[in-house]
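Step one of this worksheet: look at the structure below.
In this note's numbering, the protein residues as written are 145 to 267.
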């Protein structure tokens with residue numbers, strides 16, 4: 145899958161697209177096909193290294209923490225979602241990961257996307 149990676153901390157061009165393996169689920173996670181993702185100011189500050197003492201990341205890592213999309217797979221302990229469900233979620237607890245074709249999200253960090261919101265609005 146394609147993903148935007150943070151390769152090293154810094155203010156200059158430290159990101160780049162790469163083809164990486166599709167993530168593997170843990171029992172309490174969902175795999176989401178990302179339809180929209182957002183970058184927020186905290187994502188930018190993390191990429192500069194400003195939060196490194198409190199949000200240590202193993203680089204390279206996938207950028208972004210806010211997303212919306214459709215569930216394509218669920219772990220065997222997931223009870224709230226099934227494949228085909230539209231969701232919005234945060235990957236922040238996992239250390240980013242939203243700016244990719246697919247993202248793994250803990251079930252407790254996802255919610256059903258309201259029908260009156262587009263994927264872009266929900267992300």
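Even for Gly, the Cβ is constructed at its ideal location relative to N, Cα and C.
For residue 242 versus residue 209, is the C-beta distance shorter than 7 Å? yes
Boundaries of the beta strand (DSSP E) in which residue 159 is found, first to last residue: 159-163
As an exercise, report each continuous beta strand (DSSP E) stretch of at least 3 residues that is fully enclosed by the stretch 179-242, in chain order. 210-218, 230-234
Coarse secondary structure for residue 245, derived from DSSP in three states: coil
Would DSSP call residue 261 helix, strand or coil? coil
For a test of the three-state rule: what should DSSP assign to residue 272, helix, strand or coil? For the chain, the structure presents residues 145 to 267; residue 272 sits outside this window and is missing.
Pick from 229, 159, 178, 218: whose alpha carbon is nearest that of residue 203? 159
Backbone secondary structure at residue 253 - three-state DSSP: helix
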